[in-house]
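Enquirer: Quick one: the structure is below, and I'll ask about it shortly.
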Amino acid sequence: MATTIDKIYVAGHRGMVGSAIVRQLLAAGQPAASIVTRTHAQLDLTCQAAVREFFAQEKPDQVYLAAAKVGGIHANNTYPAEFIYQNLMMQANVIDAAFQSGVKKLLFLGSSCIYPKMAAQPMAEEALLTGTLESTNEPYAIAKIAGIKLCESYNRQYGASSGTSHGVDYRSVMPTNLYGPGDNYHPENSHVIPALIRRFHEAKVAQAPSVAIWGTGTPMREFLYVDDMAAASLHVMNLPQATYAQHTSPMLSHINVGYGQDVTIAQVAHTIAQVVGYTGQVVFDTTKPDGTPRKLMDSTRLHSLGWQAQVPLHQGLTNAYADYLANS
């Protein structure tokens, strides 16, 4: 007897993470025809009526919720209202419409910024809601925390152990800093790796004698290649329900996804210079701020569930630079 193939909706398929999830699904043998996507022009996820109509028509079996309004410190500081409103609306509309249309399995993608600014390092899942958030991205972080709690609340009320017949199983993963194909290389709104790739490439083309990096270069950061994040997403989504429940609790159910070790900003800068082929000097402007000394995720929970990152930083940066060249 032929097995039925799940119809999978990937929300945010044009973004860096969403596009990587589509690549992973195809690589895992999911037929392209069974992967449902919509552009923002085709479906505004902040519009409840449109989202409900979409789910009623398509009736997907699984949802990967990778759609989000994202940006760096500048964007978060400039547009806090848009960051909290649009992310809250997208999450609430998609999660509830999924439930209303009978979707049993959903994976929500969050962010490491959900943790308190002064959380102990490495940051474990238990640190959630134990302290004050970083003020620059607090609106975005609160939206992402709400997404986790939406999933948990639907599980508690309508999950397999709730005594109802719904049997929903909505899970959440929190990635560390991501980079790779599909990244944003905007000179002002991009994150550290794409910003440095662009700066070192432009310095190489201009034959600039040096590139200045803000701060001392000593802060530690963790970086994960986006296709590793996508692979982890599929891994967590497809874990047996009993296994997932054994490693989480009803009100602390999210799972960190990290590379497992961090590097200094100086190491990242020198590695990018090497990958790009920039031979000038890398200098550090110590009059500029450093930011948080360290941000590392504790991925013990995910490792105990049988997943580890596969792509080392140098290889990932090489792939990211090739993507930049292909799309710039």
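Reading the sequence shown from the start, the letters are residues 4 to 331 in the numbering used here.
Using N, Cα and C, we set each Cβ at its ideal position, and we do this for glycine too.
Since the structure is predicted, the reported quantities are computational estimates derived from the model, not experimental observations.
1) Nearest to Leu110 by CA position, among Ala70, Ile145, Glu129, is which residue?
2) First and last residue of the alpha helix (DSSP H) that includes Met121?
3) Where does Tyr327 sit, in a helix, a strand or coil, going by DSSP?
4) Pick from Thr282, Val54, Ala234, Gly280: whose alpha carbon is nearest that of Gly21?
5) Please report the Cβ distance between Ala44 and Pro184, rounded to the nearest whole angstrom; I am assuming they are in contact, meaning their Cβ atoms lie under 8 Å.
6) How about Gly220 and Ala272: do their beta carbons lie closer than 8 Å?
7) Helix, strand or coil: which one does DSSP assign to Leu237?
8) Kindly give me the distance between the Cβ atoms of Lys108 and Met240, rounded to whole angstroms, as I take these residues to be in contact under 8 Å.
9) Given Val314, which residues of its chain have a CB within under 6 Å of its CB, disregarding the five upstream and five downstream residues?
10) Return helix, strand or coil for Lys207, following the three-state DSSP convention.
11) So, at 6 Å on beta carbons, what are the nonlocal neighbours of Ala122 in its own chain, with the 5 sequence-adjacent residues on each side left out?
12) Taking the alpha carbon of Gln311 as the reference point, which residue from Gly261, Gly280, Thr282 has its own alpha carbon closest?
13) What number of angstroms, rounded off, separates the C-alpha of His317 from the C-alpha of Ser165?
14) Since Ile258 and Val176 are thought to touch, with beta carbons under 8 Å apart, how far apart are those beta carbons, to the nearest angstrom?
15) Between the alpha carbons of Pro190 and Phe57, how many angstroms are there, rounded?
16) For Pro197, I'd like the list of residues in its chain whose CB is within less than 7 Å of its CB, leaving aside the five on either flank, ordered along the chain.
17) Leaving out five residues before and five after His306 in sequence, what residues of the same chain have Cβ atoms less than 8 Å from its Cβ?
18) Terminal residues of the continuous beta strand (DSSP E) containing Ser22?
19) At the level of alpha carbons, what is the spacing between Pro63 and Gly105?
20) Assign Met93 to one of two classes, buried (16 or more other C-beta atoms within 10 Å of its C-beta) or exposed (fewer than that).
21) In this structure, does DSSP put Ser252 in helix, strand or coil?
22) Can you tell me whether Thr179 is buried or exposed, with buried defined as 16 or more other CB within 10 angstroms of its CB?
23) I'd like to check one pair, Ile216 with Ile275: are the Cβ atoms closer than 8 Å?
24) Using beta-carbon positions only, say whether Met126 and Met300 come within less than 8 Å of one another.
Expert: Taking the definition as stated:
1) Distance from the Cα of Leu110 is smallest, within the candidate group Ala70, Ile145, Glu129, for Ala70.
2) Segment: none, Met121 is in no alpha helix (DSSP H) and carries neither H nor E.
3) Tyr327 carries a helical assignment under DSSP once its states are collapsed to helix, strand and coil.
4) With distances taken between Cα atoms, Gly21 lies closest to Ala234.
5) With 8 Å as the limit, Ala44 and Pro184 do not qualify as a contact, their Cβ atoms being about 22 Å apart.
6) Using a Cβ distance threshold of 8 Å, Gly220 and Ala272 count as a contacting pair.
7) Looking at Leu237 - three-state DSSP - the assignment turns out to be helix.
8) The beta-carbon distance between Lys108 and Met240, rounded to whole angstroms, is 7 Å. This is short enough to meet the 8 Å contact definition.
9) Contacts found: Tyr228, Asp231.
10) It is helical.
11) Ala130.
12) From the listed residues Gly261, Gly280, Thr282, the smallest Cα separation to Gln311 is found for Gly261.
13) Between the alpha carbons of His317 and Ser165 lies a gap of roughly 46 Å.
14) That belief holds up - the Cβ atoms of Ile258 and Val176 are roughly 5 Å apart, short of 8 Å.
15) Near 36 Å, if we compare the C-alpha coordinates of Phe57 and Pro190.
16) So the list reads Tyr182, Asp186, Asn187, Tyr188, once near-sequence residues are dropped.
17) Counting only Cβ-Cβ distances below 8 Å, and skipping sequence neighbours, we find Gly263.
18) From DSSP, Ser22 is part of no beta strand (DSSP E) but of the alpha helix (DSSP H) over 19 to 30.
19) Spanning the two alpha carbons is a distance of roughly 8 Å.
20) If you draw a 10 Å sphere on the C-beta of Met93, you find 16 or more other C-beta atoms in it, and that means buried.
21) Ser252 carries a strand assignment under DSSP once its states are collapsed to helix, strand and coil.
22) When all chains shown are included, Thr179 counts as buried.
23) Result no, Cβ atoms of Ile275 and Ile216 do not sit closer than 8 Å.
24) Taking 8 Å as the Cβ cut-off, Met126 and Met300 qualify as a contacting pair.
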